[in-house]
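Heads up: the structure comes next, in structure tokens.
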Amino acid sequence: MGPFSRYHATYVGRLGVEVGVFVAVDHLRRAGRLRSADLALYLDVDDWFREALPNPPFYGDGNSIGAVTWFKSEPAAHLVERLTLLLHLLDRNGVPHRMSCSASPGRIVYEDDFQVGVIPARRRAPDPLPAGTVLGPTSPGSKRDL
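full-length UniProt numbering numbers the first residue of the sequence shown as 1 and each following residue consecutively.
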């Protein structure tokens, strides 16, 4: 296992890499595919992470630099526990996902105690979106008001 890990869906999004688990669940939210209990769970987990981890500054402008976040090493158990809740939401909605590990995920443009933001070394053309998925801009702050 490399020193960095990332949980993501298996489809490639607008940044040319597989979309992260938060973005994948948010695509389902935007498409209206989350049941009310699942939506509440997603919003709670998303807000928890916004409180527990620093928010990389590149998200403030909608991520115009196209950075991607990776956890440093294997994330702590309390982070994985909450990430797993989102992975279950993807499972229930038929969105394949996986965890990737890399010693060199790209050029590091941000770093804190838990994660790095990188500019990927390689980008691919976006895949067709999974059925019923809706893209939206990267937005800072809680999704509760969207």
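C-beta atoms are modelled at their ideal positions from N, C-alpha and C, and glycine is treated no differently.
Under 8 Å by Cβ, that's how I've got Arg-6 and Met-99 pegged, so tell me the actual separation to the nearest angstrom. What you label residue 6 is simply residue 6 of the sequence shown in a count that begins at 1. What you label residue 99 is simply residue 99 of the sequence shown in a count that begins at 1. Confirmed, Cβ separation roughly 7 Å.
Rounded Cβ spacing between Pro-120 and Gly-106 (contact assumed at less than 8 Å): Locating residue 120 in the sequence shown gives position 120, where the first residue counts as 1. Locating residue 106 in the sequence shown gives position 106, where the first residue counts as 1. Their Cβ separation, rounded to whole angstroms, is 4 Å, which keeps Pro-120 and Gly-106 in contact under 8 Å.
DSSP three-state call for Arg-122: helix, strand or coil? The residue you call residue 122 lines up with position 122 of the sequence shown. Residue state, collapsed to three classes: coil.
Measuring CB atoms only, is the segment 37-45 touching the segment 54-73, in the sense that at least three cross pairs come out at less than 8 Å? no
Compare the Cα-Cα distances from Ser-73 to each of Val-95, Gly-32 and Phe-4 and report the closest residue. For the purposes of this step, residue 73 is taken as residue 73 along the sequence shown, with counting starting at 1. Ranking Val-95, Gly-32 and Phe-4 by Cα distance to Ser-73 puts Phe-4 first.
Please classify Phe-71: does DSSP put it in a helix, a strand, or coil? Reading the sequence shown from its first residue, position 71 is the one you call residue 71. Note: Phe-71 maps to strand in three-state DSSP.
In three-state DSSP terms, what is Phe-58? If you number the sequence shown from 1, residue 58 lands on position 58. DSSP places Phe-58 in helix when its eight states are reduced to three.
With C-beta atoms as the reference, is Val-118 less than 8 Å away from Val-109? In the sequence shown, residue 118 corresponds to position 118, counting from 1. In the sequence shown, residue 109 corresponds to position 109, counting from 1. Contact annotation: Val-118 and Val-109 have beta-carbon atoms nearer than 8 Å.
Assuming contact is defined by CB atoms lying nearer than 8 Å, are Leu-41 and Leu-85 in contact in what I supplied? Sequence index remark: in the sequence shown, residue 41 carries index 41 (1-based). Sequence index remark: in the sequence shown, residue 85 carries index 85 (1-based). For Leu-41 and Leu-85, yes; Cβs fall inside 8 Å.
Could you tell me the boundaries of the alpha helix (DSSP H) in which Val-21 lies? If you number the sequence shown from 1, residue 21 lands on position 21. 21-30 is the span of the alpha helix (DSSP H), which, as asked, contains Val-21.
Spell out the partners DSSP gives Ser-100 in its beta bridges. For the purposes of this step, residue 100 is identified with residue 100 of the sequence shown, where counting begins at 1. Under DSSP, Ser-100 forms a beta bridge with Arg-6.
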